[in-house]
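Visitor:
Protein chains in written order, with my numbering: chain A, 1 to 306; chain B, 307 to 444.
Set out below in structure tokens:
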């Protein structure tokens, strides 16, 4: 009898184990089916909505990056260049922008200014710019991405430039992701373009004779090429296409800059998960070309803020 | 033995599920690779890849800065491999030589135009959304 009971207990234990394994498998499968069903439900939608996917197919799997305008502002701060608000875009100009494209461009402009102002912790200017950005965010229906929490975080950290740059970066990040996910890549491209042009405008107007700032100006040739490629991905947007013509003109001026690339073997430190890039590009730009770039950037900037 | 077989099947299904996660979830997961001292460049680089696809990202990294590049697909690290090439397509870094590291830091001495190539780790995933993040150190 004991032997029978023992066998029965062992059988029950095996059954329990197998049941557990089977249950794990079924739960995994069920979760997978549910998730994939959601994917299928949203699959077509996602394919339509995810413009990156379409861009990848169109452009042979190429994507292009534009450096954050915050990095130029950071350079000014590192070089101890004085704060100068003379060249910031006025919040009073908001009423001039009627179309989504123009609003997108100027959201980029105000965003770049906000990055600059934030690094110098200029509360008054930041408040004005934030008001302008808030209005454009509402007009462009971006409140789902850039909500009150983000704005409140900014206001709470108004005196803390270290925190503000992160928040401004979050503004850009949230807006860019939201626009791309919602089939509005044209506006995402224009925000980027506005931000880069304003960053260039602030750089050229603050350069003076500072060699490092002038070097930063000379290093933009590839960035212009990338920006043109981004705007080319939205052929139906007239504003983007008009901007391409101006950027090509600027690119032609950059063609006058001589450069020499020198490859240097990089140094990788696996324990630090770090690689030192030592290659360098030496640019040689004349004062005439620098002035031509300054003037072209200024007229381009005037065109987009008017 | 049977137990192992069942577990293997269950785990493979779980793995398949994570590889099919939507782009936004992958981007959120990938952000965990950016530590607090890195500021995002504010852009979201996403591409839908299949087994043989290679996505190419063109970027300019400014001299005097340290950048972190994070690459993800699915919701586990190591699913997306990436390598960095210079403007002449000379190799500078290959994540497959470092256990498919999901992020790597680049200390850039002089401004550097680069190409970042990303492709799926086909041992772990055969299609899905690829997300690349670029951030600079504050």
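Note that the Cβ used here is the ideal one computed from N, Cα and C, for glycine as well.
These numbers come from a predicted model, not from an experiment.
For residue 210 of chain A and residue 380 of chain B, what's the separation of their Cα atoms in angstroms?
Guide: So the two alpha carbons sit approximately 46 Å from each other.
Visitor: Can you tell me where the beta strand (DSSP E) with residue 383 of chain B in it begins and where it stops?
Guide: No beta strand (DSSP E) contains residue 383 of chain B, which DSSP labels as neither H nor E.
Visitor: Whole angstroms is fine: what's the gap from residue 376 of chain B's alpha carbon to residue 339 of chain B's?
Guide: For residue 376 of chain B and residue 339 of chain B, the distance between alpha carbons rounds to 6 Å.
Visitor: Taking the C-alpha atoms as reference points, what is the distance between residue 398 of chain B and residue 74 of chain A?
Guide: If you take the alpha carbons of residue 398 of chain B and residue 74 of chain A, they lie about 26 Å apart.
Visitor: For residue 437 of chain B, count the other beta carbons within 10 Å of its own beta carbon; 16 or more makes it buried, fewer makes it exposed. Which is it?
Guide: Residue 437 of chain B is buried by the Cβ-count criterion.
Visitor: I'd like to know if residue 395 of chain B contacts chain A, where contact means its C-beta is closer than 8 Å to some C-beta of that chain.
Guide: No, residue 395 of chain B does not count as interfacial toward chain A.
Visitor: Grouping DSSP H, G and I as helix and E and B as strand, with all else coil, what is residue 166 of chain A?
Guide: In the structure shown, residue 166 of chain A sits in a helix (DSSP, three-state: H, G or I).
Visitor: Suppose you measure from the CA of residue 171 of chain A to the CA of residue 405 of chain B; what does that come to, to the nearest Å?
Guide: Rounded to the nearest angstrom, the two C-alpha atoms are 33 Å apart.
Visitor: Residue 224 of chain A and residue 250 of chain A look like a contact to me (Cβ under 8 Å); what is the Cβ gap, rounded to whole Å?
Guide: So it is a contact: roughly 6 Å between Cβ atoms.
Visitor: For residue 153 of chain A, which residues in chain B fall below 9 Å Cβ to Cβ?
Guide: None at all; the shortest Cβ gap to chain B is about 15 Å.
Visitor: Just confirm the distance between the C-beta atoms of residue 256 of chain A and residue 267 of chain A, as a whole number of angstroms; I'd bet it's less than 8 Å.
Guide: No, residue 256 of chain A and residue 267 of chain A are not in contact; Cβ-Cβ is about 34 Å, not under 8 Å.
Visitor: Below 8 Å, how does it come out for the region 146-162 of chain A and the region 189-205 of chain A: are there three or more Cβ pairs, yes or no?
Guide: Flag = no, the region 146-162 of chain A and the region 189-205 of chain A do not touch.
Visitor: CA-CA distance, residue 332 of chain B and residue 130 of chain A?
Guide: Rounded to the nearest angstrom, the two C-alpha atoms are 30 Å apart.
Visitor: Would you kindly report the start and end of the unbroken beta strand (DSSP E) that includes residue 398 of chain B?
Guide: Taken as a continuous stretch (DSSP letters only), the beta strand (DSSP E) holding residue 398 of chain B covers 397-400.
Visitor: Between the region 111-119 of chain A and the region 66-82 of chain A, do at least 3 Cβ pairs fall closer than 8 Å?
Guide: In short, these stretches touch, since the Cβ pair count reaches three.
Visitor: Could you work out which residue in A:272, A:273, A:280 and A:271 is closest to residue 327 of chain A when comparing CA atoms only?
Guide: Because chain A is modelled from 1 through 306, residue 327 of chain A falls outside the range shown and cannot be assessed.
Visitor: Using only the alpha-carbon positions, how far apart do residue 102 of chain A and residue 92 of chain A sit?
Guide: Distance between the alpha carbons of residue 102 of chain A and residue 92 of chain A is about 15 Å.
Visitor: Under a Cβ-count criterion, where at least 16 other Cβ atoms within 10 Å of its own Cβ denotes burial, should residue 431 of chain B be classed as buried or exposed?
Guide: Buried, because 16 or more other Cβ atoms sit within 10 Å of the Cβ of residue 431 of chain B.
Visitor: Give the DSSP-derived three-state secondary structure of residue 291 of chain A in the structure shown.
Guide: Looking at residue 291 of chain A - three-state DSSP - the assignment turns out to be helix.
Visitor: Does DSSP put residue 302 of chain A in a helix, in a strand, or in coil?
Guide: Correct three-state label for residue 302 of chain A: helix.
Visitor: Along chain A, in chain order, which residues have C-beta atoms closer than 7 Å to that of residue 348 of chain B?
Guide: Correct list: 68, 169, 172, 173 and 176.
Visitor: Taking residue 420 of chain B as the reference, which of A:95, A:303, A:176 and A:62 has the closest Cα?
Guide: Here the closest residue by C-alpha is A:62.
Visitor: Under the three-state reduction of DSSP, which class applies to residue 425 of chain B: helix, strand or coil?
Guide: Correct three-state label for residue 425 of chain B: strand.
Visitor: So, is residue 428 of chain B buried or exposed, given that buried needs 16 or more other C-beta atoms within 10 angstroms?
Guide: Exposed, since its Cβ has fewer than 16 Cβ neighbours within 10 Å.
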